[in-house]
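Colleague: Dropping a structure here in structure tokens format, bear with me for questions.
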Amino acid sequence: MSWRDWLKLVVLILLPINAWLCLFYYQKRWRWVNMYLEGERREQATQTALLNYLRERRGWAIKEGLPLRFPPIVQVLGKYPPLGQGVPVLFLYISWCAEPEVWELAVEEALKTDPNLHIALLHDLPTTYKDGREIVDTKRLLLARQLWEKFTKRFETERISVLTSRDWWKAWGDMRSGTLAVVFDGQGIVQVIEPYPPLKFSAFWHEEVKDWRTKLQQAVKRALERFFEKPSGKAGEGR
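Plus 37 on top of the position in the sequence shown (first one is 1) and you've got the numbering used here.
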């Protein structure tokens, strides 16, 4: 065959076939993506409904204007939060990504907001499975304790504590539809509830950290501004 015949073959046969195959591939891929996203939405809706049921049944629902009942605490780093003792308290749910570098800016924001504000970081008890049973992962628990002890000591204050519970996730949800922060007044009553902001996911850890640190700091700042009714960085009055 001459080069002209080959050119005709490519133009008239191979190119249309390749174009059709590409179209078929992207059509199938788009359907698969839609099915995956729909499955994710259904799974999230099911999990949210289940968690709402558990919260209501166990009295763990978080509602403004009411005191908060929360799961049993199995470990406390630092002082236990002074709920109902005349000082404001901020609860931060950190367990979905318990890496100090992610939370550094948020904690700094909270500390500078008011000299009396106590910050409690909520951390889920690490577990594993052995012989078909869920048990406490003592190695990970020890590592987590060492990690957060080092983190809290950096701030040189007694206004930070870490509360570990097996069931925080049941009461507070996750990063997609869960609660990030709750602010209590001096009587231990919930005054502000701040949900998790939309967070970026990336194949690169440094890109995620850069996005998360800023957004979490801003979310904490919003919650505290609503509570103190003035810009963060200035002491609130009358709470």
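Virtual Cβ for every residue (Gly too), placed ideally from N, Cα, C.
#1: For P137, which of helix, strand or coil comes out of DSSP?
#2: Hey, quick one: how far does the alpha helix (DSSP H) through F192 stretch, first residue to last?
#3: For F128, which beta-bridge partners are listed by DSSP?
#4: Buried or exposed, going by whether 16 or more other CB atoms sit within 10 Å of the CB of G270?
#5: Classify F241: buried if its beta carbon has 16 or more other beta carbons within 10 angstroms, exposed otherwise.
#6: Tell me, to the nearest whole angstrom, how far the beta carbon of A208 is from that of F107; I am working on the premise that it is less than 8 Å.
#7: Measuring only the C-alpha atoms, how far is S214 from G225?
#8: Do P137 and W185 come within 9 Å of each other at the CB atom, strictly closer than that value?
#9: CA-CA distance, R263 and D168?
#10: So, with DSSP's three-state summary, where would you put E146?
#11: Using only the alpha-carbon positions, how far apart do L154 and E244 sit?
#12: Comparing alpha-carbon positions, which option in A256, F221, A147 lies nearest P104?
#13: Among D211, G223, V257, which residue has its Cα nearest to the Cα of E231?
#14: What distance in whole Å lies between the Cβ atoms of V113 and S202, which are believed to be in contact at a cut-off of 8 Å?
#15: Could you tell me which residues DSSP pairs with V227 in its beta bridges?
#16: Between the C-alpha atoms of G223 and K252, what's the straight-line distance to the nearest angstrom?
#17: Expressed to the nearest angstrom, what Euclidean distance is found between the alpha-carbon atoms of L120 and R250?
#18: Would V144 pass as a contact of I156 if the rule is Cβ separation under 9 Å?
#19: If you count every other CB in all the chains shown that lies within 10 Å of the CB of E284, and 16 or more means buried, which is it?
#20: Roughly how many angstroms separate the alpha carbons of V229 and S239, rounded to a whole number?
#21: Is the beta carbon of Y130 less than 9 Å from the beta carbon of A260?
Modeller: Judging by the given coordinates:
#1: helix
#2: First-last for F192: undefined, no H or E at that position.
#3: A157, V219
#4: Note that G270 scores 42 on pLDDT, short of 50, meaning its location in the model is unreliable; the coordinates nonetheless yield the value given after this. Label assigned to G270: exposed.
#5: exposed
#6: 6 Å
#7: 24 Å
#8: yes
#9: 48 Å
#10: helix
#11: 31 Å
#12: F221
#13: V257
#14: Actually they do not touch by this definition, with Cβ atoms about 10 Å apart.
#15: F221
#16: 27 Å
#17: 27 Å
#18: yes
#19: Here the chain comprises residues numbered 38 to 276, so residue 284 is not present and cannot be evaluated.
#20: 30 Å
#21: no
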